[in-house]
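Residue numbers (the UniProt record's numbering): 1 to 174. No residue lacks a Cβ here, since even glycine has one placed at the ideal position from N, Cα and C. Note that the structure is a prediction, hence the values are computed from the model and not measured. Read the structure below first, then the notes.
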């Protein structure tokens, strides 16, 4: 199986199709917005809630799209190592960012969580800014579990309308 999808038809999710578009059509950014501690009988772990924002470029008819997903550090570490290997194999430009080291003990420590959060943000910024890595099969499979969020609309009020070319006497009183 190839490491890169040859075309958009291989993408199985909406975010996958958006990632497949060039950067000059869709700007994609991601950041960790929340850290969730999950408690199990076997032990605790941290899940990182990641918000992926897709902004259309050069097209005012399309709206911004926001996706969220939660992922464990273990999954993100695996994604980092796979994409780092692919980056090296394809001789792509730029220095692939370092990732926080996995820890067996102290993973719930606030300093460790902050370090991991920073490295996740840096890693995702690098990957989403690279058009080749955006087409990587492992990234597409990871992003499949993202759920699109509804953006809150604005309520139309009389103040939200601009009355141009209308006599000031005819404009509604606010």
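Span of the alpha helix (DSSP H) around residue i
| i | result |
| --- | --- |
| residue 120 | 110 to 128 |
| residue 139 | 137 to 143 |
| residue 80 | 73 to 89 |
Distance CB(residue i)-CB(residue j) smaller than 8 Å
| i | j | result |
| --- | --- | --- |
| residue 23 | residue 121 | no |
| residue 128 | residue 29 | yes |
| residue 18 | residue 65 | yes |
| residue 5 | residue 88 | no |
| residue 8 | residue 148 | no |
| residue 93 | residue 3 | no |
Reduced DSSP category for residue i - H, G, I as helix; E, B as strand; rest coil
| i | result |
| --- | --- |
| residue 45 | strand |
| residue 67 | strand |
| residue 15 | helix |
| residue 4 | strand |
Endpoints, the beta strand (DSSP E) within which residue i is located
| i | result |
| --- | --- |
| residue 149 | 147 to 149 |
| residue 27 | 26 to 39 |
Chain-order list of residues whose beta-carbon lies under 6 Å from that of residue i (same chain, five-residue window excluded)
| i | result |
| --- | --- |
| residue 100 | 115, 116, 119 |
| residue 69 | 50, 145, 146 |
| residue 91 | none |
| residue 33 | 49, 51 |
| residue 54 | 18, 26, 28, 65 |
| residue 67 | 15, 52, 146, 148 |
| residue 80 | 99, 123 |
Beta-carbon contacts of residue i that lie in its chain and below 8 Å, excluding the five residues immediately before and after
| i | result |
| --- | --- |
| residue 35 | 46, 47, 48, 49, 113, 117 |
| residue 108 | 37, 44, 46 |
| residue 98 | 119 |
Cutoff 7 Å; reference residue i; Cβ partners in own chain excluding five residues on either side
| i | result |
| --- | --- |
| residue 16 | 140, 143, 144 |
Beta carbon proximity, residue i to chain B, threshold 8 Å
| i | result |
| --- | --- |
| residue 87 | In the structure shown, chain B cannot be found, because there is only a single protein chain. |
Contact test: residue i Cβ vs the ligand NAP heavy atom, cutoff 7 Å
| i | result |
| --- | --- |
| residue 59 | The model on display carries no ligand, and the ligand NAP is accordingly not part of it. |
At least 3 beta-carbon pairs within less than 8 Å: the segment 74 to 90 vs the segment 51 to 61: no
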